[in-house]
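Student: A single structure is presented below for examination.
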Amino acid sequence: MSDVPVITVDGPSGTGKGTISSYLADWLQWHFLDSGALYRILALVAEKSMISRDDVAGLVSLANGLNVVFTCPGPGREVDVCLAGKNVGAELRTESCGKGASCIAALPEVRLALLQHQQAFRAPPGLIADGRDMGTVVFPDAVLKIYLTASAEERARRRHKQLKQKGIDANLLQLSVEIAERDARDSQRPVSPLKPAVDAVVIDTTSLKIEAVIELIAKLVCENIPGVSGWSGQSHNKA
Numbered sequence: 002m003s004d005v006p007v008i009t010v011d012g013p014s015g016t017g018k019g020t021i022s023s024y025l026a027d028w029l030q031w032h033f034l035d036s037g038a039l040y041r042i043l044a045l046v047a048e049k050s051m052i053s054r055d056d057v058a059g060l061v062s063l064a065n066g067l068n069v070v071f072t073c074p075g076p077g078r079e080v081d082v083c084l085a086g087k088n089v090g091a092e093l094r095t096e097s098c099g100k101g102a103s104c105i106a107a108l109p110e111v112r113l114a115l116l117q118h119q120q121a122f123r124a125p126p127g128l129i130a131d132g133r134d135m136g137t138v139v140f141p142d143a144v145l146k147i148y149l150t151a152s153a154e155e156r157a158r159r160r161h162k163q164l165k166q167k168g169i170d171a172n173l174l175q176l177s178v179e180i181a182e183r184d185a186r187d188s189q190r191p192v193s194p195l196k197p198a199v200d201a202v203v204i205d206t207t208s209l210k211i212e213a214v215i216e217l218i219a220k221l222v223c224e225n226i227p228g229v230s231g232w233s234g235q236s237h238n239k240a
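For reference, each letter of the sequence shown is one residue, going 2 to 240 in this note's numbering.
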């Protein structure tokens, strides 16, 4: 499947990866992979199965049995995540689930177990892969690699706003602390640390509106993928 084009969108949480990726998937009508959700799902299933985060064999067994489908409902909208036919998207968005995902993602055996699972999402006509090591490890031959970044303060503010809009009470200071801790775990882990691929285009979204980021990336897509028409500012599904 190496002839199937892949665009990777990597970076820490709160940089706009999910939103950007949903726009790209909708515009190009490509498949979508939220690799971070796979780790969140594994953390969720492990918790429900009463398997501890340091039970490597148990986690690997769970990872090998995951049945996950991603559906992009439209540009800018959160991707629907179905586990064995059940939508579990809401359960994955909690901070505790994110913390659990970050912890188990540091385990080499777990990452290896999920690697082939992630690569299996590569199918015609193409794939948008959202994650942290998509361009460095999972799809090193991607036709275009994007790495989004933003200040920890801005990312905490965005997350706080997102949770408030969902009616979820959240403490901005606590979110800042949790984001900083996760950044440290993800960037300092010995296996697949969070970092841009050497050939990635790095975009700092701290002071950019989402529309500006999309336009920047759309231009890169048109420059790197033959046959793609210019970005019109409208989605494929927009009436």
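All C-beta atoms, glycine included, are put in the ideal place defined by N, C-alpha and C.
Bear in mind the structure is a predicted one, so any value in this text is a computation, not a measurement.
For residue 201, which residues in the same chain have their Cβ closer than 6 Å to its Cβ, ignoring the five residues on either side in sequence?
Tutor: Within the sequence shown, the letter at position 200 stands for residue 201. Answer for residue 201: 136, 146, 148, listed in chain order.
Student: Let's see if you can read the secondary structure: which residues bound the alpha helix (DSSP H) around residue 184?
Tutor: Here the question's residue 184 lines up with position 183 in the sequence shown. That run of the alpha helix (DSSP H) goes 173–189.
Student: Does residue 129 come out as helix, strand or coil in the three-state DSSP assignment?
Tutor: For the purposes of this step, residue 129 is taken as the residue at position 128 of the sequence shown. Looking at residue 129 - three-state DSSP - the assignment turns out to be strand.
Student: I'd like to confirm the pairing. Which residues does DSSP put opposite residue 137 in its beta bridges?
Tutor: Translated into positions along the sequence shown, residue 137 becomes position 136. Looking at the DSSP assignment, residue 137 forms no beta bridge with any residue, so it has no partner.
Student: On the DSSP letters alone, give me the boundaries of the alpha helix (DSSP H) that residue 49 sits inside.
Tutor: Within the sequence shown, residue 49 is the residue found at index 48, counting from 1. First-last of the alpha helix (DSSP H) with residue 49: 36–49.
Student: Three or more C-beta pairs under 8 Å: does that hold for the region 172–185 against the region 36–56?
Tutor: no
Student: Restricting to Cα atoms, I'd like to know which of 117, 105, 122, 56 is closest to residue 34.
Tutor: Counting from one through the sequence shown, the residue named residue 34 turns up at place 33. Checking every option, the nearest Cα to that of residue 34 belongs to 122.
Student: Less than 7 Å between C-beta atoms, sequence neighbours within five positions excluded: which residues of the same chain meet that for residue 109?
Tutor: To locate residue 109, count along the sequence shown from 1; it is residue 108. Taken in chain order, the residues that qualify are 192.
Student: Where does residue 57 sit, in a helix, a strand or coil, going by DSSP?
Tutor: Residue numbering aside, residue 57 sits at position 56 when the sequence shown is read from its first letter. The answer is helix: DSSP assigns residue 57 an H, G or I state.
Student: Would residue 83 and residue 69 qualify as a contact pair, given that the criterion is a beta-carbon distance under 8 Å?
Tutor: Here residue 83 refers to the residue found at position 82 of the sequence shown. Here residue 69 refers to the residue found at position 68 of the sequence shown. The answer is yes: Cβ separation under 8 Å.
Student: Under DSSP, the alpha helix (DSSP H) around residue 104 begins and ends at which residues?
Tutor: Translated into positions along the sequence shown, residue 104 becomes position 103. Looking at the DSSP string, the run of the alpha helix (DSSP H) that includes residue 104 is 96–105.
Student: Could you give the distance in angstroms between the alpha-carbon of residue 97 and the alpha-carbon of residue 227?
Tutor: Position 96 of the sequence shown holds residue 97. Position 226 of the sequence shown holds residue 227. Computed Cα separation, rounded: 42 Å.
Student: So, does the region 149–156 touch the region 5–23, judging by three or more C-beta pairs under 8 Å?
Tutor: yes
Student: Beta-carbon within less than 8 Å of residue 160's beta-carbon, same chain only, minus the 5 sequence neighbours each way: which residues are those?
Tutor: On the sequence shown, position 159 is the one that residue 160 refers to. Around residue 160: 14, 15, 171, 176, 180.
Student: Take residue 198 and list the residues in its own chain whose beta-carbon comes closer than 6 Å to its own, dropping the five residues that flank it on each side.
Tutor: Reading the sequence shown from its first residue, position 197 is the one you call residue 198. If we look at residue 198 and ignore the five residues flanking it on each side, its Cβ neighbours are 136, 137, 146.
Student: Decide if residue 58 is buried, meaning its Cβ has at least 16 other Cβ atoms within 10 Å, or exposed.
Tutor: Taking the first residue of the sequence shown as position 1, residue 58 is located at position 57. Per the 10 Å Cβ criterion, exposed.
Student: Tell me which residues share the same chain as residue 88 and place their Cβ nearer than 8 Å to its Cβ, disregarding the 5 neighbours each side in the sequence.
Tutor: As a first step, residue 88 must be located in the sequence shown, where it is residue number 87. These residues qualify, in order along the chain: 81, 82.
Student: Excluding the 5 residues flanking residue 143 on each side, which residues of the same chain have their C-beta closer than 6 Å to its C-beta?
Tutor: Reading the sequence shown from its first residue, position 142 is the one you call residue 143. Listed in chain order, the non-local C-beta contacts of residue 143 below 6 Å within the same chain comprise 7, 9, 136, local neighbours out to five positions each way being set aside.
Student: Below 8 Å on the Cβ atoms is my contact criterion, and I expect residue 53 with residue 131 to pass it. Report the Cβ-Cβ distance as a whole number of Å.
Tutor: Counting from one through the sequence shown, the residue named residue 53 turns up at place 52. Counting from one through the sequence shown, the residue named residue 131 turns up at place 130. The Cβ separation is near 28 Å, so there is no contact.
Student: With residue 27 as the anchor, note down where its alpha helix (DSSP H) starts and where it stops.
Tutor: Counted from its first residue, the sequence shown places residue 27 at position 26. That run of the alpha helix (DSSP H) goes 18–29.
Student: Taking residue 127 as the reference, give the member of 232, 51, 28, 20 with the closest Cα.
Tutor: Position 126 of the sequence shown, counted from the start, is the residue given in the question as residue 127. Of the listed residues, the one whose Cα sits closest to residue 127 is 28.
Student: Leaving aside the five residues before and after residue 78 along the sequence, list all residues of the same chain whose C-beta is less than 8 Å from its C-beta, in chain order.
Tutor: To locate residue 78, count along the sequence shown from 1; it is residue 77. These residues qualify, in order along the chain: 23.
Student: Can you tell me the Cα-Cα spacing of residue 154 and residue 207, whole angstroms?
Tutor: Here residue 154 corresponds to residue number 153 of the sequence shown, with the count starting at 1. Here residue 207 corresponds to residue number 206 of the sequence shown, with the count starting at 1. Their backbone Cα atoms lie some 9 Å apart in a straight line.
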